[in-house]
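For the sequence shown, position 330 matches number 324 in the working numbering, and the numbering has no gaps at all. In this text, a Cβ means the ideal position worked out from N, Cα and C, and glycines have one as well. These notes concern the structure reproduced below.
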Amino acid sequence: MAATSRDYYELLGVERGANEADIKRAFRRKARELHPDVNEEPDAQDRFREVVEAYEVLSKSETRQLYDRFGHAGLRGGGFRPTQFDFGSLNDLFSAFFGDDLFGVSPRARRARGADVAAEVAIELTEAATGVRRDVPFDVVVKCGRCRGSGAEPGSGVVDCDTCGGTGRLQQVGRSVFGDFVRAQACPRCDGAGRVVEQPCAECEGSGRIVDRRTLDVEIPAGIHDGQRIRLSGEGHVGSLGGPAGDVYVRVRVKPDRRFVREGDDIYSTIDLTITDAALGTTRTIETLAGPAELTLPPGTQPGEVRVLPGRGMPVLQGYGRGDHRVLVNVIVPRQLSAEQRALLEQFAGSTGADNYRGDERFFDKLKSAFR
Ligand SMILES: [Zn+2]
Ligand SMILES: [Zn+2]
């Protein structure tokens, strides 16, 4: 299905009677104007896609005729679908259309952004609660220092590539949804540069780039969740021919903590009360991520009850406040009794009745509501 409902002629800024050359020229002009590398406006990508779609339709006589006669509906009926493309491969798209470069410049001046790098770091839950700085090591492609990225051994020269005769490209017939096209592919020997070095640099073997192990001090914000990524802009692989470097994405793993279970920004822990503490009431010091807290459990505390310590959970990432700390009560029962204890308990049992126990709180319901 077509992505835009706008008029294709209008999008390209041409008359309905425009010939093939006019359409091509108009597309080139629009594409240069809207390319996301040069156009910072937020809607540039969408507008670019529209223009590409318009060109796809109007540059082929079958689709153009369908569109001229029946409009967008005709194209849909004819099974037309705009190409889904990735902005990273716009240059390829352009070579597919024109057999040349997007900006109509020689391939040796082609700048490309470097690729992104993925790294990972594991932290404790307690560190996620406070925020932490970590040295994160990763391998990254950087410009070779020995040849300053030229690939030539210092003192040696650079000559035209004899595989492509110095043009940097080789013609190749390719196939696409638009039919066959001649694709000017970057020459594999010189990598599109058109020039090769006489004597390759001893450090980088002529590539001009080397892999370097780097370590960055990364600030991990308080409240980060397991699996979230931190972007370090411009710290990724070096771009080609002066293009900008890619980014580093650091994936943060938050290790499970023996004492706590995290649920969003809330923290759960459990507390074991003896049957007597549960019946008589008690005060306990509870470990929380925000430090120790006093928790008073009234007489008659039941197993499965949840006590909430507000604002003592995880800090909210890039926000204000904290989640809650929720304590799930467990009641433990003695596994063995001395003769004296047994006698006391029997005496106690004899003195109690249904009045001492209320049946209106069902353990299972409480347990369910503990984990909202
Ligand atoms: Zn080098
Ligand atoms: Zn070459």
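Which residues bound the beta strand (DSSP E) around phenylalanine 254? Note, phenylalanine 254: premise wrong, no beta strand (DSSP E); not H, not E.
N-terminal and C-terminal residue of the alpha helix (DSSP H) that lysine 18 is part of: 14 to 28
Touching by the beta-carbon criterion (3+ pairs, under 8 Å), the stretch 225 to 245 and the stretch 264 to 273: Cβ pair count under 8 Å is below three, so no.
By how many angstroms is the C-alpha of glutamate 118 removed from the C-alpha of proline 250? Their backbone Cα atoms lie some 7 Å apart in a straight line.
Per DSSP, which one or two residues make a beta bridge with isoleucine 218? DSSP output for isoleucine 218 lists no bridge partner at all.
Within 10 Å of its beta-carbon, does arginine 256 have 16 or more other beta-carbons around it, so buried, or fewer, so exposed? buried
Report the option in Arg41, Val190, Gly162, Glu213 whose CA atom is closest to the CA atom of glycine 151. Val190
Shorter than 7 Å, the distance from the beta carbon of arginine 41 to the closest heavy atom of ligand 2, or not? no
Tell me which same chain residues have a C-beta within less than 7 Å of the C-beta of alanine 123, skipping the five on either side of it? In the same chain as alanine 123, and ignoring 5 residues on each side of it, the C-beta atoms closer than 7 Å to its own belong to Ala216, Leu283, Met308, Pro309, in chain order.
Would you mind stating whether arginine 369 and glycine 186 have Cβ atoms separated by less than 8 Å? This structure gives no information on residue 369, because the portion of the chain shown stretches from -5 to 366.
Cut-off 7 Å between Cβ atoms - residues of its own chain near arginine 0, not counting five sequence neighbours on either side: Glu44
The alpha helix (DSSP H) with tyrosine 243 in it runs from where to where? It is not in any alpha helix (DSSP H) - tyrosine 243 instead sits in the beta strand (DSSP E) that spans 242 to 248.
Can you round the beta-carbon distance between alanine 196 and arginine 140 to whole angstroms, since I take them to be within the 8 Å contact cut? 7 Å
DSSP three-state label for asparagine 324, please. Asparagine 324 carries a strand assignment under DSSP once its states are collapsed to helix, strand and coil.
Indicate, with yes or no, if ligand 2 has a heavy atom lying under 7 Å from the CB of glycine 188. yes
Using a strict less-than 5 Å threshold between each residue's beta carbon and the heavy atoms of ligand 2, what residues do you get? Every residue whose Cβ sits closer than 5 Å to any heavy atom of ligand 2 is listed here in chain order: Cys155, Thr157, Cys158, Cys181, Arg183, Cys184.
For arginine 41, which of helix, strand or coil comes out of DSSP? Three-state result, arginine 41: helix.
With which residues is glutamine 341 paired in a DSSP beta bridge? According to DSSP, residue pairing for glutamine 341 in a beta bridge does not occur.
Once DSSP output is grouped into helix, strand and coil, what is the label at valine 51? helix
The alpha helix (DSSP H) enclosing glutamate 35, as first and last residue numbers: Glutamate 35 -> no alpha helix (DSSP H), and no H or E assigned at all.
Any 3 or more C-beta pairs closer than 8 Å across the stretch 312 to 321 and the stretch 292 to 301: yes
With a threshold of 8 Å, are at least 3 pairs of Cβ atoms found where one atom belongs to the stretch 201 to 218 and the other to the stretch 153 to 161? no
Taking 7 Å as the cut-off, is the C-beta of glycine 149 nearer than that to any heavy atom in ligand 1? no
With DSSP collapsed to three states, give me the class of glutamine 59. helix
State yes or no: is the C-beta of arginine 256 nearer than 7 Å to some heavy atom of ligand 1? Result no, Cβ not under 7 Å from ligand 1.
Looking at the unbroken beta strand (DSSP E) that takes in leucine 274, where does it start and where does it end? Per DSSP, leucine 274 belongs to no beta strand (DSSP E); it is in the alpha helix (DSSP H), 269 to 274.
Check this for me: beta carbons of alanine 272 and valine 325, under 8 Å apart or not? Contact: yes.
Ligand 1 and glutamate 192: does the residue's C-beta get closer than 7 Å to at least one heavy atom of that ligand? no
Around ligand 1, what residues have a beta-carbon under 5 Å from a heavy atom of it, in chain order? Cys138, Arg140, Cys141, Cys195, Glu197, Cys198
From glycine 108 to phenylalanine 64, what distance separates their C-alpha atoms? Cα-Cα distance, rounded: 44 Å.
Would histidine 231 be called buried (16 or more neighbouring beta carbons within 10 Å of its own) or exposed? buried
Cβ-based burial, threonine 295 [other Cβ within 10 Å; buried from 16]: Flag for threonine 295 reads buried.
DSSP beta-bridge partners for tyrosine 314? Answer is none; tyrosine 314 lacks a bridge partner.
Go ahead and pull the three-state DSSP assignment for valine 152. strand
Taking all protein chains shown into account, decide if leucine 6 is buried (16 or more other Cβ within 10 angstroms of its Cβ) or exposed. buried
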